[in-house]
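Each residue of the sequence shown is one higher than the one before, counting from 1 in the working numbering. We treat Cβ as the ideally placed atom computed from N, Cα and C, and that holds for glycine.
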Amino acid sequence: MGLGDKISNSAEELGGKAKEATGNATDNDRLKAEGQADQVKADAKKVGESVKDEFKRD
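As structure tokens, then:
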């Protein structure tokens with residue numbers, strides 16, 4: 001995983017956490033769900049990149 005990808009994924013995850021926290025604070029279920037979805041998407045990208053990195057090592 002390149003540095004740019006790591007930064008992008010981390011930014012997406014942090015943005016998701018911020019959305020979720022804002023949704024919790026304002027009792028906005030839609031915003032909370034969007035934040036959770038952003039976090040899941042960032043985690044999936046991290047897993048995909050890790051798998052790709054493992055295949056590159058061989």
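- Item | First through last residue of the alpha helix (DSSP H) which encompasses residue 16 | Start and end: 3 to 26.
- Contact set for residue 3: own chain, Cβ-Cβ below 7 Å, skip 5 residues either direction: none
- Query: Can we count residue 48 as close to the ligand SAH, meaning its CB is less than 6 Å from some heavy atom?
  - Reply: The ligand SAH is not part of the structure shown, which contains no ligands of any sort.
- Task: Report yes if the CB atom of residue 9 is closer than 7 Å to the CB atom of residue 33, and no otherwise.
- Result: no
- Message: Just to confirm my understanding: we take residue 24, look at its own chain, exclude 5 residues before and 5 after, and list those with CB closer than 8 Å. What are they?
- Response: The residues 32, in chain order, have a CB closer than 8 Å to that of residue 24 in the same chain once the five nearest residues on each side in sequence are set aside.
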